[in-house]
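For reference, each letter of the sequence shown is one residue, going 1 to 617 in UniProt numbering.
Data first, discussion second: the structure below is written as structure tokens.
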Amino acid sequence: MADIIKLLPDHVANQIAAGEVVQRPASVVKELMENAIDAGASTIKLVVKEGGKTLIQVIDDGVGMSVTDARLSFERHATSKIQKAEDLFQLNTKGFRGEALASIAAIAHVEMQTRTEEDEVATHIKIEGSKIISQEVAVAPKGTSMMVKNLFFNIPARRNFLKSNHVELRHIMDEFQRVALAHSSISFHFYNNGSELFNLPSTNSRQRIVNIFGTKTNEKLVPVKEDTQVVKISGYISKPEFAKKSRGEQFFFVNNRFIKSPYLHHAILGAFDGLIKKENHPGYFLYLTVDPGSIDINIHPTKTEIKFDDEHTLYAILRSTVKHSLGQFNVMPSLDFEQDQNLETPYNYKNKSAELPKVIVDAGFNPFKEDSGTGSAQRPSFQKPSTKGWESLYVGMESNIGKNSGFSSVSFESDTITGSIFDNRKETIDTGATTFQLRRKYIVTTIKSGMVVIDQSRAHQRVLYEKFLKNITIKEAVSQQLLFPLSLTFSKSDCAIIEEIQDSLTTVGFVFDSIEGEEVKITGVPLSVPESEVGIILDQLISDYQQDFVVDGFSQTDILSKTLAKSLSVKTGEVLDSDSQLALVNDLFACKESGVSPFNKPIFVTISEDEIDKKFI
Numbered sequence: 001m002a003d004i005i006k007l008l009p010d011h012v013a014n015q016i017a018a019g020e021v022v023q024r025p026a027s028v029v030k031e032l033m034e035n036a037i038d039a040g041a042s043t044i045k046l047v048v049k050e051g052g053k054t055l056i057q058v059i060d061d062g063v064g065m066s067v068t069d070a071r072l073s074f075e076r077h078a079t080s081k082i083q084k085a086e087d088l089f090q091l092n093t094k095g096f097r098g099e100a101l102a103s104i105a106a107i108a109h110v111e112m113q114t115r116t117e118e119d120e121v122a123t124h125i126k127i128e129g130s131k132i133i134s135q136e137v138a139v140a141p142k143g144t145s146m147m148v149k150n151l152f153f154n155i156p157a158r159r160n161f162l163k164s165n166h167v168e169l170r171h172i173m174d175e176f177q178r179v180a181l182a183h184s185s186i187s188f189h190f191y192n193n194g195s196e197l198f199n200l201p202s203t204n205s206r207q208r209i210v211n212i213f214g215t216k217t218n219e220k221l222v223p224v225k226e227d228t229q230v231v232k233i234s235g236y237i238s239k240p241e242f243a244k245k246s247r248g249e250q251f252f253f254v255n256n257r258f259i260k261s262p263y264l265h266h267a268i269l270g271a272f273d274g275l276i277k278k279e280n281h282p283g284y285f286l287y288l289t290v291d292p293g294s295i296d297i298n299i300h301p302t303k304t305e306i307k308f309d310d311e312h313t314l315y316a317i318l319r320s321t322v323k324h325s326l327g328q329f330n331v332m333p334s335l336d337f338e339q340d341q342n343l344e345t346p347y348n349y350k351n352k353s354a355e356l357p358k359v360i361v362d363a364g365f366n367p368f369k370e371d372s373g374t375g376s377a378q379r380p381s382f383q384k385p386s387t388k389g390w391e392s393l394y395v396g397m398e399s400n401i402g403k404n405s406g407f408s409s410v411s412f413e414s415d416t417i418t419g420s421i422f423d424n425r426k427e428t429i430d431t432g433a434t435t436f437q438l439r440r441k442y443i444v445t446t447i448k449s450g451m452v453v454i455d456q457s458r459a460h461q462r463v464l465y466e467k468f469l470k471n472i473t474i475k476e477a478v479s480q481q482l483l484f485p486l487s488l489t490f491s492k493s494d495c496a497i498i499e500e501i502q503d504s505l506t507t508v509g510f511v512f513d514s515i516e517g518e519e520v521k522i523t524g525v526p527l528s529v530p531e532s533e534v535g536i537i538l539d540q541l542i543s544d545y546q547q548d549f550v551v552d553g554f555s556q557t558d559i560l561s562k563t564l565a566k567s568l569s570v571k572t573g574e575v576l577d578s579d580s581q582l583a584l585v586n587d588l589f590a591c592k593e594s595g596v597s598p599f600n601k602p603i604f605v606t607i608s609e610d611e612i613d614k615k616f617i
């Protein structure tokens, strides 16, 4: 039998490795920015075009590379970060595998310009699909400029699986924010399609958070700080009232490296137990510093998963630290059972001096003095009234009423007589269904075979959902103009989401004046949307979009319709009059799908007459 095992060529091996390292344009951004940080850069610029599919460029002012290092950096397993296996457990750099540049060069057109401070000229290298096209000298400042064009140009299947430019840009923004939050001392600039998205100067960690997530974030933050032999914890947590249903603002950094840890996230949830709803997630920006020898980073190619030596101790310390910060800054109420509340002085009596009580005495009062008019003592009478002969009170009343002209026109109400408004009551009962509200949550109505119990909130969600779907499809929504423009503030990443779905929001009835920086101006809203709830609806909409990225136009329409229907529907506890109940029932059964809500939950249950009869057997 002939030998069938062969060694793969380098360019094939690089393409296979690229499948793990480079999953989308955001992966390239992460690798290049981390290389710039390892090079000691103080300023990093990121330039992106068309969601990173056409161009990704990272420019830094780090130490740069020599001619030999520039050429060798694109080889597999070539790195300056480690030299022996023991170095894997003493990592102080972002990268260490030596696979990133080789993988990127295997699936894209790459240009690199780099120069050290000692060299007079820079090195300019062009690579296409692992093949070096040219290497020449050039004029460039100190540092490195990496330009990645036409990602996945030689792997059409991978390129076709990329999402829209807006979705890919959002992934890039997520990676950019993670790197920028971990290194507040470095200045970052982010340009997309020629426009500047972020300009982050060198500052402290709190100001960096505010610069990324908007000025409103500053009032949400509560500082956290703890120093132990196991770990040093610093950073900020959000106040309980700002918890969200999405996980948009949860960041763990271990030795300035962003990680994902459901185990540590559970510790934060335990500290917030009782302060937030179960489905909500608190925001946090926590920086953990541990001994590099106590963690293992070499688990996943993305390096976002870390294995700790003693996770249980870290869990307990993190949970108690967050709880301590919540109590220290009076976010969580403290209970003192030893203090007597009766000894507490009210605020309005704090600066008042004590005064003796005044006693007034009536010196002329005589309880035995007799009343001159009646001759009896001034004592109340407690004699029981006599009921003897009560029938005589009503003798002749009928004749007196008839003779008295003042009462000749008096008419008395009767339970058996109804006004003219109820003349057609019999026909209404016969021809239509009757409804009533149960516990301010359910609507009960009758049908021929029995009765139907309807969840009023889910029913209204279904009605509004199909209504918004129709309006978006045929683009015939009606908008009410606001007397004064409504100005709302969001983070830049949230504004990017609003810009992405602006067309769909316009078809529903929203009218946008401008979206600039962190400010969104709205001049018109749909008829069914109160002005006071516009900000809440947009926050919920952004949260839904962050939870599941939109793939196509229908997904965008579906999420928008669901969010609006959920926000504007009748809530449990609201009282509905009989007309509203009947209208909701009729609208529900006029829908195309009346059995389940937009979130696939049952809307009503049917109880037949036979089932009711069985209860009385």
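Don't be surprised by glycine CBs; every beta carbon is placed ideally from N, CA and C.
Residue pairing by DSSP puts alanine 122 in a beta bridge opposite Ala138.
Measuring C-alpha to C-alpha distances from threonine 321 to each of Tyr287, Ile603, Ile537 identifies Tyr287 as the nearest. Burial check for serine 504: the Cβ neighbour count within 10 Å reaches 16 or more, so the residue is buried. According to the DSSP assignment, asparagine 280 belongs to no beta strand (DSSP E), since it is labelled neither H nor E.
Scanning its chain for C-beta atoms nearer than 7 Å, with the 5 sequence neighbours on each side dropped, one finds around glutamine 581 the residues Thr435, Gln437, Ile443, in chain order.
Between the segment 479-486 and the segment 204-222 there are fewer than three inter-stretch CB-CB distances shorter than 8 Å, so the stretches are not counted as touching. The alpha-carbon of arginine 208 is positioned some 38 Å away from that of glycine 129.
Here arginine 115 is near alanine 140, since their CB atoms are less than 8 Å apart. Residue environment analysis places arginine 462 among the buried positions, since at least 16 neighbouring C-beta atoms fall within 10 angstroms of its C-beta. Annotated three-state conformation of aspartate 513 is strand, per DSSP. DSSP, reduced to helix, strand and coil, places glutamate 111 within a strand of the structure shown. By the Cβ neighbour-count rule, glutamine 456 is buried, with 16 or more other Cβ atoms within 10 Å of its own. Cβ-Cβ distances below 8 Å link glutamate 518 to Gly214, Thr215, Thr489, Phe490, Ser491, Lys492, Cys495 in the same chain, with the five nearest sequence neighbours on each side left out; the list follows chain order.
Using a Cβ distance threshold of 8 Å, glutamine 229 and glycine 283 do not count as a contacting pair.
At the C-beta level, phenylalanine 176 and valine 29 come within 8 Å of one another. Listed as beta-bridge partners of glutamine 481 by DSSP are Gly524. Judged by their CB atoms, lysine 94 and isoleucine 59 are not nearer to each other than the 8 Å cut-off.
Three or more Cβ pairs closer than 8 Å define a contact, and the segment 63-80 meets that threshold against the segment 115-127. Contact annotation, glycine 509 with valine 525: C-beta distance approximately 6 Å; criterion of less than 8 Å satisfied.
The Cβ atoms of isoleucine 212 and alanine 243 do not sit closer than 8 Å to each other. In the three-state reduction of the DSSP assignment, threonine 116 falls in the coil class, being assigned neither a helical nor a strand state.
Rounded to the nearest angstrom, the gap between the Cα atoms of histidine 124 and asparagine 256 is 31 Å.
Rounded to whole angstroms, glycine 235 and lysine 467 show a C-alpha spacing of 45 Å. Residues Ala267, Ile268, Gly270, Ala271 of the same chain have their beta carbon placed closer than 8 Å to that of arginine 319, with the five preceding and five following residues left out of the count. In the DSSP assignment, lysine 149 forms a beta bridge with Leu55, His109. Under the DSSP assignment, proline 262 falls in the alpha helix (DSSP H) whose first and last residues are 262-271. Bounds of any beta strand (DSSP E) do not take in arginine 158; it lies within the alpha helix (DSSP H) bounded by 156-160.
With a cutoff of 8 Å on beta-carbon distance, isoleucine 306 and isoleucine 317 are scored as not near each other. From the listed residues Arg71, Ile276, Ser185, the smallest Cα separation to glutamate 136 is found for Arg71.
For the 8 Å CB-CB criterion, serine 42 and isoleucine 186 form a contact. The C-alpha of asparagine 280 lies about 50 Å from the C-alpha of lysine 131.
Within 10 angstroms of the beta-carbon of phenylalanine 188 lie 16 or more other beta-carbons, which makes it buried.
Here valine 48 carries a strand assignment [DSSP, helix/strand/coil]. Annotation for glutamate 175: the continuous alpha helix (DSSP H) segment containing it runs 165-182.
The DSSP-derived three-state label of phenylalanine 589 is helix. Residue Glu533 holds the alpha-carbon nearest to the alpha-carbon of serine 569 among Glu533, Ile542, Ser184, Phe253.
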